[in-house]
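J.: Dumping the structure here so I can ask a few things about it.
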Amino acid sequence: MREVANGAGANGSGEDREFAASFDSLLANVTENMHRKKLAPWELAETFYEIHVLYEQNNGTSGTKTVLAAKLGVSTSYYDQLIVVKHRLHPDIFARYKSHAQKMSIPVRRMADIARMPKDEQFAEWNKFIDE
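Each position in the sequence shown, counted from 1, maps to that position plus 139 in our numbering.
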């Protein structure tokens, strides 16, 4: 497995070092924005998912959640919930989540629970949640 944290991949190529430098810069930028602004959970879900995919494409999947949660300064559990919300939630429900998130507080854990349901059940559960 190539390791971004060391600044170069297993073969030490320039391409690996370039990826590591830009990836570390991206992480620093995201971390700074998290502390400077109050980002909505859906914004974190989108951003963390993009980082997650990029990391896995260049490093494989072993330990991704633990490594990235630590680098981003969040718990592995919270990181996992955000990834599940972006990756498994039906796109139409994710869009509704984004629009409702500004009007009402929607816990990430609740959205992750909905995202883990089969797609056809997600709509019914979302509607129940909104009606509560």
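Built from N, CA and C at the ideal position, the CB exists for glycine as well.
Relative to the C-alpha of His226, which candidate in Ser201, Thr186, Lys177 has its C-alpha closest?
T.: Here residue 226 corresponds to residue number 87 of the sequence shown, with the count starting at 1. Closest by alpha carbon: Thr186.
J.: Return the chain-ordered list of same chain residues with a C-beta closer than 7 Å to the C-beta of Ile245, the five sequence neighbours on each side being excluded.
T.: In the sequence shown, residue 245 corresponds to position 106, counting from 1. Sequence-distant Cβ neighbours of Ile245 in its own chain, meaning closer than 7 Å and more than five residues away, are Tyr236, His239.
J.: Within its chain, find whatever has a CB closer than 8 Å to the CB of Leu228; leave out the 5 residues flanking it on each side and keep chain order.
T.: Residue numbering aside, residue 228 sits at position 89 when the sequence shown is read from its first letter. So the list reads Tyr236, Met250, Ile253, Ala254, Gln261, once near-sequence residues are dropped.
J.: Which residue wins for smallest C-alpha separation from Val169, given the options Pro257, Leu207, Met243, Gly199?
T.: Start at 1 with the first residue of the sequence shown, and residue 169 comes out as number 30. When each option's Cα is compared against that of Val169, the closest is Leu207.
J.: So for Gln241, helix, strand or coil by DSSP?
T.: Residue mapping note: residue 241 aligns to position 102 of the sequence shown, counting from 1. Gln241 falls in the coil class under three-state DSSP.
J.: According to DSSP, is Pro180 part of a helix, a strand, or is it coil?
T.: For the purposes of this step, residue 180 is taken as the residue at position 41 of the sequence shown. Helix.
J.: Return the CA-CA distance between His174 and Lys204, expressed in angstroms with no decimal places.
T.: Translated into the one-based positions of the sequence shown, residue 174 becomes position 35. Translated into the one-based positions of the sequence shown, residue 204 becomes position 65. Spanning the alpha carbons of His174 and Lys204 requires a straight line of approximately 20 Å.
J.: Following the continuous alpha helix (DSSP H) through Val247, name the residue where it begins and the one where it ends.
T.: Indexing the sequence shown from 1 puts residue 247 at position 108. From DSSP, the alpha helix (DSSP H) with Val247 extends over 247-254.
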